[in-house]
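Undergrad:
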Amino acid sequence: MTRHVENLSAAGQRLLLHLAQAEGAFAQASVDDAGHVALYARRGATTLGAGRVPIAAAERLVAEDLACWERPSRGRRLLVATGAGHARAARLRAGDGAEGFQAQHRDLVERVERPAAGDEARRLRVNAAESPLQSLARRRGRCGTPLVDAAGLEAGERLRRDITMGQLLPSVSARWHPVGGQGSGGMRDPASASDAVIAARQRVRRAMKAVGPEFADLLFDVCGFLKGLETVERERGWPARSAKLVLGMALARLAEHYGLAVEARGPARARSLRLWRDEGTAAPI
1 MTRHVENLSA
11 AGQRLLLHLA
21 QAEGAFAQAS
31 VDDAGHVALY
41 ARRGATTLGA
51 GRVPIAAAER
61 LVAEDLACWE
71 RPSRGRRLLV
81 ATGAGHARAA
91 RLRAGDGAEG
101 FQAQHRDLVE
111 RVERPAAGDE
121 ARRLRVNAAE
131 SPLQSLARRR
141 GRCGTPLVDA
151 AGLEAGERLR
161 RDITMGQLLP
171 SVSARWHPVG
181 GQGSGGMRDP
191 ASASDAVIAA
201 RQRVRRAMKA
211 VGPEFADLLF
221 DVCGFLKGLE
231 TVERERGWPA
241 RSAKLVLGMA
251 LARLAEHYGL
261 AVEARGPARA
271 RSLRLWRDEG
281 TAAPI
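Just so you know, we're using UniProt numbering here: the sequence shown kicks off at 1 and counts up by one.
Here's what the structure looks like:
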């Protein structure tokens, strides 16, 4: 759950800005003060201390889905910023109001897409900071494996691109222009892009049909509307941490549809998936 940045305490803002620095910033529970977390930053082979803040600030960031605890293969767990945390920190740094809100969403990258054979290549500007899958792919579970594997990440991002290309959301933070074109305005030639839009929508429909109704809405929420797992659980009334399991199954089904390699899940996972589909369960088991 996320709220406006002004609702964060000064300690919470300091912690969030620290965690959202360049890669290598983290926090850990203080070994000599149970009421605080210690801040650290890696600089090459050196880890430097950066002070401490009350542990309540860390708990607030986790509750707001702005930070999460990761457990490395060895040692104590680390507090790191989530994708939403990085975006919120950008808004903090830019200040309040519309300018700050826009800065929260300025991590734009350009990808060249060829929507269909013979069509003109186009460059799609996409906000990389928005994707919750990128954040989940960086986080690791108790066994040290990523919460979203490589095949699931690629499948989810492919669906996201098609949703964006197909203009299937009320507001899409992406802009098209032909490769080699000038400027950064909106769609340069809507007529020439119509075939690409239609093709993208068809790909989305085929993907949604392939994953089935039990997963389609979830994938659209996460890959299209870019909702975090806590938001999904709250809106659907699911138990805590259940969305992670369901999303993993949904992405595996999506990766299979796209023909991407998916790691073996084992008979137990396969049985649970079959049971859920056969029973038409609306919530995870």
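Every residue, glycine too, gets a C-beta built ideally from N, C-alpha and C.
1. Among the candidates Ala87, Glu230, Leu17 and Gln13, whose CA atom is the shortest distance from the CA of Ser242?
2. Output the boundary residues of the beta strand (DSSP E) element that contains Gln28.
3. Do you know how far the Cα of Gly237 is from the Cα of Ala210?
4. Closest to Ala155 by CA distance: which of Val246, Gly24, Gly259 and Leu169 is it?
5. Would a C-beta distance cut-off of 9 angstroms place Ala25 and Arg42 closer than the cut-off?
6. Give a yes or no on whether the C-beta atoms belonging to Arg160 and Cys223 are separated by under 9 angstroms.
7. Under DSSP, the alpha helix (DSSP H) around Ala87 begins and ends at which residues?
8. Taking DSSP as the reference, what is the three-state secondary structure of Glu70?
9. May I ask which residues mark the beginning and end of the beta strand (DSSP E) holding Thr47?
10. To the nearest angstrom, report how far apart Lys244 and Leu147 are at their CA atoms.
11. Applying the 10 Å Cβ sphere with the 16-neighbour rule, what's the burial state of Ile198?
12. Measure the C-alpha to C-alpha separation of Asp33 and Arg60 and round it to an integer number of angstroms.
13. DSSP puts Leu79 in a beta bridge; with which residues?
TA: So, from the data block:
1. For the purposes of this step, residue 242 is identified with residue 242 of the sequence shown, where counting begins at 1. Out of Ala87, Glu230, Leu17 and Gln13, Glu230 has the C-alpha closest to the C-alpha of Ser242.
2. Your numbering for residue 28 matches position 28 in the sequence shown. Its beta strand (DSSP E) spans residues Ala25 to Ala29.
3. Position 210 of the sequence shown holds residue 210. Position 237 of the sequence shown holds residue 237. The alpha-carbon atoms of Ala210 and Gly237 are separated by roughly 25 angstroms.
4. Position 155 of the sequence shown, counted from the start, is the residue given in the question as residue 155. The shortest Cα separation from Ala155 among Val246, Gly24, Gly259 and Leu169 belongs to Gly259.
5. For this step, residue 25 is matched to residue 25 along the sequence shown. For this step, residue 42 is matched to residue 42 along the sequence shown. Yes, Cβ-Cβ distance for Ala25 and Arg42 is below 9 angstroms.
6. Start at 1 with the first residue of the sequence shown, and residue 160 comes out as number 160. Start at 1 with the first residue of the sequence shown, and residue 223 comes out as number 223. Yes; because the gap between Cβ atoms is below 9 angstroms, this pair is in contact.
7. On the sequence shown, residue 87 is found 87 positions in, with the first residue counted as 1. Unbroken alpha helix (DSSP H) run through Ala87: Gly83 to Ala94.
8. Mapped onto the sequence shown, residue 70 falls at position 70. In this structure, Glu70 counts as strand in the three-state DSSP scheme.
9. Here residue 47 refers to the residue found at position 47 of the sequence shown. Looking at the DSSP string, the run of the beta strand (DSSP E) that includes Thr47 is Thr46 to Pro54.
10. Walking along the sequence shown from the start, residue 244 turns up at place 244. Walking along the sequence shown from the start, residue 147 turns up at place 147. Those two C-alpha atoms are separated by around 7 angstroms.
11. The residue given as residue 198 occupies position 198 in the sequence shown. Exposed, by the Cβ-count rule.
12. The residue you call residue 33 lines up with position 33 of the sequence shown. The residue you call residue 60 lines up with position 60 of the sequence shown. One C-alpha to the other measures close to 18 angstroms.
13. Along the sequence shown, one-based indexing puts residue 79 at 79. Answer is Ala27 and Trp69, bridged to Leu79.
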